[in-house]
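Chemist: In the working numbering, the protein residues as written are 527 to 781.
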Ligand code: PGA
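(1) Mind checking who residue 693 pairs with in its DSSP beta bridge?
(2) What does a CB cutoff of less than 6 angstroms around residue 592 pick up in its chain, not counting 5 residues either side in sequence?
(3) So, are the CB atoms of residue 566 and residue 528 less than 8 angstroms apart?
(4) I believe residue 578 touches residue 623 by the beta-carbon criterion, under 8 angstroms. Please report the beta-carbon distance rounded to the nearest angstrom.
(5) In or out: residue 760 buried (at least 16 other Cβ within 10 Å) or exposed?
(6) Please specify which runs of the alpha helix (DSSP H), each continuous and at least 4 residues long, are wholly inside the segment 701-753, giving them in chain order.
(7) Taking C-beta to C-beta, are residue 534 and residue 763 nearer than 8 angstroms?
(8) Quick check on the burial criterion: 16 or more other C-beta atoms within 10 angstroms. Buried or exposed for residue 539?
(9) What three-state label does DSSP hand residue 534 in the structure shown?
(10) Which runs of the beta strand (DSSP E), 3 residues or longer, sit entirely within the segment 636-681?
(11) Out of 767, 771, 753, state which residue places its alpha-carbon closest to the alpha-carbon of residue 530.
Here it is as structure tokens:
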């Protein structure tokens, strides 16, 4: 069953306005010249870059744009927050939800994330929903259970039609920004488990069409072996997405 390959960059809280525009231009140009497959390239930038890079993206037509967070409410008195409809109104298509940094540093729970997924989908933003276990959860062998609970509580309340707009990213917390990558076998084992869990809940067809990304210290040297795994359909890239050459080389694995 065919499903989309996606390589998404997560810039996190990096780059001032000009630096972001210049990196995005490099990425868009390289994508236009070098990316020849059907893979989708997504850049998830800080809010300040979104509207400008959406305009740059239109000229190259090869890169989509996403945010890294939204608030769960529609609108209102939430000083300093940004809503799904605001993000959508500048032309962004994706939003990262449930990143482990948001879970750990901003106390985002599965219940809160379920609300964010709802509001994102309502406003035609496609969630890149992150799940993954901590080092302790891996070492104690509880990781399958942790990942299943994150899925059940964060996204399984969606019906199959809405769920088909969600991309999942497996990001073992112990591999994020640490230089410790899950081995291709470790990642594949979890991806296969995720797909099996999706099959049980939504059936084989939906499960087979869901894009499952791997994230955590993914770079140009390890991307090809990771993406060669049967159930790994692309990557969510942090550090390496801040270098245009590295990011595009990762995307080119699918050429
Ligand atoms: P990393 O980050 O590639 O720097 O490990 C991945 C992520 O946090 O999405």
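We put the CB at the ideal spot given by N, CA and C, even for glycine.
Modeler: Straight from the coordinates:
(1) Assignment of beta-bridge partners to residue 693 by DSSP yields 654.
(2) Contacts found: 568, 570, 618, 620, 621.
(3) With respect to the 8 angstroms criterion, residue 566 and residue 528 are not classified as neighbours on the basis of their beta carbons.
(4) Not quite, the Cβ-Cβ distance comes to about 23 angstroms (not below 8 angstroms), so this is no contact.
(5) Taking all protein chains in view, the Cβ of residue 760 is crowded by 16 or more other Cβ atoms within 10 Å, so the residue is classified as buried.
(6) The DSSP assignment places 710-728, 730-735, 749-753 as complete runs of the alpha helix (DSSP H) inside the segment 701-753, in order along the chain (cut-off: 4 residues).
(7) Their beta carbons are under 8 angstroms apart, which means residue 534 touches residue 763 by this criterion.
(8) Exposed, by the Cβ-count rule.
(9) Strand.
(10) With a minimum length of 3 residues, the continuous beta strand (DSSP E) runs that stay inside the segment 636-681 are 652-657.
(11) Out of 767, 771, 753, 753 has the C-alpha closest to the C-alpha of residue 530.
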